[in-house]
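Anchor point for the sequence shown: position 101 equals 120 in my numbering, and the numbering is continuous, going up by one each time.
Beta carbons: idealized from backbone N, C-alpha and C, even for Gly.
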Amino acid sequence: MQFHHHGYVSGDPRVQPAAGVGINRPEELPDEVDVLIVGTGPAGMLAAAQLSMFPGVTTRIIERRPGRLAIGQADGIQARSVETFQAFGFAERITAEAYRITEMAFWKPDPANRANIVRSARAVDDETGISEFPHLIVNQARVLDYFAEFAANSPSRLKPDFGYEFQGLEVADSGEYPVTVTLLHTSGPNEGQERVVRAKYVVGADGARSKVRQAIGCTLAGDQANHAWGVMDTLAVTDFPDIRTKCAIQGEKGSILLIPREGGHLFRMYVDLGEVDPATHHAVRNTSIDEIIHKANEILHPYTLDVRNVAWHSVYEVGHRLTDRFDDVLPEDRGTRTPRVFITGDACHTHSAKAGQGMNVSMQDGFNIAWKLGHVLEGRSPESLLSTYSEERQVVAKNLIDFDKEWSSMMAKKPEDFEHPSDLEDFYVRTAEFPAGFMTQYAPSLIVGTDDHQDLATGFPVGKRFKSAPVVRVADTNPIHLGHHATADGRWRIYVFADAAQPGTGSATDLLAEWFASSPESPLAATPEGGDPDAWFDLKVIYQQGHTAVDINKVPAVFKPQVGPFKLTDYEKVYGTDPNADIFDLRGLDRNGAVVVVRPDQYVANVLPLTATAELGAFFARFLKPGQQPRQAVAAAAR
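Laid out in structure tokens, this is it:
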């Protein structure tokens, strides 16, 4: 964490100075906003947190509840989400209070007595080390609390507006605020009264029964629910030996997915309630908590479950449904106009809860759209950038539903119906990278290049998330993970992996640095007047030498920008290799060097040679707003 560059900070450095709309921010919801987010679930709160870092953008997030969520339904936090939490500054704190999954146990009928269950296998949760971050279980409400804290501490001082329910919207063909939104006060002195707000853009994060989705004419299509599960968060006494271990339990009487919860005592059980008869018109939803507990005891035999307290329970039917688009532009209108309304999370994709994907995928929806809205509204990028949201995230949702269909159907199978006894655990291990969140790979587009130069950095696949690795910061000799220094501040990251030469010797790295500093085609030249040289693009260099062999004074000045009102030198963008874990070897980096461009949402956008300045400049020109005037003062300051 960097601070003091604007002057001495004696208080909590996580509370940033108010700026833009955060100065004298009105408590009441304004009549006109740039972005109105509907719903304070995971997708909505992450989107709000990201947009809070754009203090020139008026963002408000509304929620029909009168206050914060107390008990969340989702609880599984995949490693990709914890990587995201690191960018928002709370990965370490939420990990400390969460339950960490390290193994999964599999239980099946005892061959000697099929009325009983026995442990048949164990599987390591992350056997291949796909992330340095863990797989966690923690109440969704705590995730929302941390995002709320981040947003409240941001320059824009963003806070949710509780007590407003979305009623409908209309999108005009023109006007500065073309989206007219009708809201209803659900609490407070104006309860029952309507309220109209006009917005430039609306993000619907209002769940599976989304009214925003209905308002833009999207419908969920796909398989209707055909299997029901009772779920309960409970405190109980039991002789089941793996009660504090994640378990897939397949007994003669049905199946249970057991998820230990944070705090050492609470656990969640998804209890198989069997096939759903369409003729009963969802009567299974009336299953009582006593019936769910009784069913759990039948499945767990010969072990017993003595429930002492139930914190929350519900019954749901597994369905897999997806919308045909994630924004308000009809297929026939694609290319003729840009979207104004977007939907995220459960509003556009529904599936089972047993793969732990709902909250995780939803948050990446919010991350994806939020930085793009911030860039468009700040004038960094053209409105065409917004069309990439639906293009990118719909593919991800389709892959999720295909995966979840297979996993949930396997969970509902009887043990004797499997071709091989180990099919379930084999599938869990074989597909671990997908539910962990690391199989997403965006296709070439306005903001994703081709893989023409992928051989220069085989460990950073274009379109996939930037996989961090250890380095050593030259100035202070601290070993750190390179990706952990990238905060959710809306900036692009440009990582220059240097050639073998020392800095200051006229090498390819030095020549590239001069291009960044002085060329009108350099992305740094588009930085607005008055901004720090790294305000839009965070440029870092990683040398092949160890930190003691790099002379910081010979490192090109563009990698040591002068920031803040005092023009202080930022020394934290220059790295050497870690002698115990060389990033060039770990990530397949060519020893001739490479440039790895990473988007604000942590996905690799391009890989290029150090000498490909024309190609690099052309790539950035695609999404820097047309007509953006290069600022020569930035280039001069960088030199």
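Straight-line Cα distance separating residue j from residue i
i           : j           : result
residue 513 : residue 394 : 17 angstroms
residue 229 : residue 537 : 49 angstroms
residue 146 : residue 152 : 13 angstroms
residue 365 : residue 502 : 29 angstroms
residue 306 : residue 271 : 20 angstroms
residue 81  : residue 71  : 14 angstroms
residue 251 : residue 618 : 39 angstroms
residue 118 : residue 93  : 14 angstroms
residue 203 : residue 59  : 16 angstroms
residue 621 : residue 108 : 14 angstroms
residue 360 : residue 465 : 20 angstroms
residue 473 : residue 26  : 42 angstroms
residue 248 : residue 219 : 41 angstroms
residue 615 : residue 632 : 13 angstroms
residue 257 : residue 282 : 17 angstroms
residue 651 : residue 543 : Any reading at residue 651 must be qualified, since the residue scores a pLDDT of 38, below 50, and its modelled position is unreliable; the value itself is stated next. So the two alpha carbons sit approximately 9 angstroms from each other.
residue 293 : residue 433 : 11 angstroms
residue 166 : residue 408 : 22 angstroms
residue 69  : residue 552 : 21 angstroms
residue 280 : residue 48  : 37 angstroms
residue 253 : residue 324 : 10 angstroms
residue 510 : residue 363 : 22 angstroms
residue 517 : residue 136 : 57 angstroms
residue 389 : residue 28  : 29 angstroms
residue 526 : residue 583 : 30 angstroms
Range covered by the alpha helix (DSSP H) that runs through residue i
i           : result
residue 669 : Nothing can be reported for residue 669: it is not among the residues displayed for the chain, which extend from 20 to 658.
residue 165 : 159–172
residue 318 : 308–319
residue 391 : 377–396
residue 533 : 527–537
residue 635 : 632–640
Counted within 10 angstroms of its Cβ, other Cβ atoms place residue i as buried (16 or more) or exposed
i           : result
residue 507 : buried
residue 143 : exposed
residue 42  : exposed
residue 158 : buried
residue 381 : buried
residue 597 : buried
residue 572 : exposed
residue 265 : buried
residue 504 : buried
residue 176 : buried
residue 212 : exposed
residue 657 : With a pLDDT of only 36 at residue 657, under 50, the local geometry of the prediction cannot be trusted, and the value read off the model is given with reservation. By the neighbour-count rule (16 or more Cβ atoms within 10 Å), residue 657 is buried.
residue 315 : buried
residue 87  : exposed
residue 20  : exposed
Residue i: first and last residue of the uninterrupted beta strand (DSSP E) it sits in
i           : result
residue 279 : 273–279
residue 293 : 286–294
residue 207 : Counting along the chain, residue 207 falls outside any beta strand (DSSP E), and DSSP gives it neither H nor E.
residue 604 : Unbroken run through residue 604 is the alpha helix (DSSP H), 602–605; no beta strand (DSSP E).
residue 596 : 593–596
residue 55  : 51–57
residue 516 : 511–516
residue 32  : No beta strand (DSSP E) contains residue 32, which DSSP labels as neither H nor E.
residue 185 : 183–190
residue 269 : 265–270
Paired residues, beta bridge with residue i - DSSP
i           : result
residue 416 : Bridge partners of residue 416: none, in fact.
residue 346 : 361
residue 579 : According to DSSP, which records beta bridges pairwise, residue 579 is partnered with nothing at all.
residue 128 : 136
residue 332 : 251
residue 119 : 155
residue 489 : 500
residue 556 : 511
residue 566 : For residue 566, which the question treats as bridged, DSSP gives no partner whatsoever.
residue 199 : 189, 217
residue 464 : 467
residue 240 : 341
residue 141 : 124
Any non-hydrogen atom of the ligand SAM within 8 angstroms of residue i CB
i          : result
residue 36 : Among the components of this structure there are no ligands whatsoever, and the ligand SAM is therefore not found.
Worksheet item: If we count Cβ pairs, one from each stretch, closer than 8 angstroms, do we get three or more for the stretch 346–363 versus the stretch 418–428?
Response: no
Worksheet item: Within the chosen definition, does the stretch 265–282 reach the stretch 220–235 through at least 3 CB pairs nearer than 8 angstroms?
Response: no
Worksheet item: So does the stretch 333–343 actually touch the stretch 184–196, counting three or more Cβ pairs closer than 8 angstroms?
Response: Contact between the stretch 333–343 and the stretch 184–196 is absent, because fewer than three Cβ pairs lie under 8 angstroms.
Discussion item. Below 8 angstroms, how does it come out for the stretch 549–563 and the stretch 515–534: are there three or more Cβ pairs, yes or no?
Written reply: yes
Worksheet item: Can at least three beta-carbon pairs, one atom from the stretch 36–51 and one from the stretch 169–186, be found at a separation below 8 angstroms?
Response: yes
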